[in-house]
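Counting the sequence shown from 1 gives a position; this note's numbering is that position plus 1. Step one of this worksheet: look at the structure below.
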Amino acid sequence: MKSIKSGFLPVLLLFAIIALQACKAKKLVQKPIPPTQTASTAPAAQPKPKPVAEAKPPVPPVKKADLNIDAVKIQFDFNSSVLLTGSYATLDQAASAIKANPTVTYQLNGYASIEGTEEHNMILSKDRANTVKTYLVNSGVNPANLKVKGFGTRNPVADNNTETGRELNRRVEIKTKY
């Protein structure tokens, strides 16, 4: 009886080890990157020219004197604080105008459309204003010259009962504070 127990224990341990190894998480193996050819083994390949996409006519640059900074409105998608690519040119022009007047303070007022709770819209509107501030600061504007405020659904510029109106209300306005 004692020999059965002593033989049973090693078998049980072996089974437990095998079972635990089977449960072990599998590691993902990345495919190896093929080695690049050296100049001595093959002639240098000519780079293929990139296909030229149809270029859109460039947006005429706004002169600093022509940009009414208080009229700048940056639009956003529904429930988003991510800048639309169409806003970059406007923000670049605004950054140039703001940098030209380093003693002036500007307020970035964020707004939201009526969808969602008031608490959510307040947070979203402030996030939108902070997104614009980050872009302007990354463009060289002094962050001390920019103040951020979220207004939520207050001060709509259009009717919140239509989709077009709600789109216009999802915005950040830049205002001069002197």
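For each residue, glycine too, the CB sits at the ideal point set by N, CA and C.
Under the three-state DSSP convention, the category residue i falls into
{"i": "Thr118", "result": "coil"}
{"i": "Arg167", "result": "helix"}
{"i": "Asn162", "result": "coil"}
{"i": "Val149", "result": "strand"}
{"i": "Val173", "result": "strand"}
{"i": "Leu125", "result": "helix"}
{"i": "Leu84", "result": "coil"}
{"i": "Asn102", "result": "coil"}
{"i": "Tyr112", "result": "coil"}
{"i": "Lys134", "result": "helix"}
{"i": "Lys178", "result": "coil"}
Beta-carbon proximity list for residue i, same chain, < 8 Å, skipping 5 on both sides
{"i": "Val142", "result": "Ala96, Ile99, Lys100"}
{"i": "Lys178", "result": "Val105, Thr106, Tyr107, Gln108, Lys148"}
{"i": "Val138", "result": "Pro144, Leu147"}
{"i": "Lys57", "result": "Below a pLDDT of 50, predicted positions are generally treated as unreliable, and Lys57, at 39, falls in that range; the measurement from the model is reported next regardless. Nothing meets the Cβ criterion."}
Close Cβ partners of residue i (< 6 Å) along its chain, the five nearest in sequence each way excluded
{"i": "Gly111", "result": "Ser126, Lys127, Arg129, Ala130, Gly151, Val173"}
{"i": "Arg167", "result": "Ser114, Asn161"}
{"i": "Phe79", "result": "none"}
{"i": "Val133", "result": "Ile75, Leu109, Val173"}
{"i": "Ser88", "result": "Ile75"}
CB contact flag (residue i, residue j, <8 Å)
{"i": "Leu85", "j": "Gln94", "result": "no"}
{"i": "Asn146", "j": "Pro157", "result": "no"}
{"i": "Ile175", "j": "Val73", "result": "yes"}
Residue i versus the options, residue with shortest Cα-Cα distance
{"i": "Thr118", "options": "Thr135, Asn69, Arg155, Thr163", "result": "Arg155"}
Through-space distance from residue j to residue i, alpha-carbon basis
{"i": "Asp71", "j": "Tyr136", "result": "17 Å"}
{"i": "Glu116", "j": "Thr91", "result": "26 Å"}
{"i": "Glu164", "j": "Ile124", "result": "21 Å"}
{"i": "His121", "j": "Ala159", "result": "20 Å"}
{"i": "Asn102", "j": "Ser140", "result": "14 Å"}
{"i": "Asn69", "j": "Ser81", "result": "26 Å"}
Sequence-distant residues of the same chain with beta carbon closer than 7 Å to residue i, five excluded per side
{"i": "Gly153", "result": "Ala113, Glu119, Asn122, Met123, Ser126"}
{"i": "Lys28", "result": "Model confidence at Lys28 stands at a pLDDT of 47, short of 50, so the residue's coordinates are unreliable; what they give is reported in the following sentence. None."}
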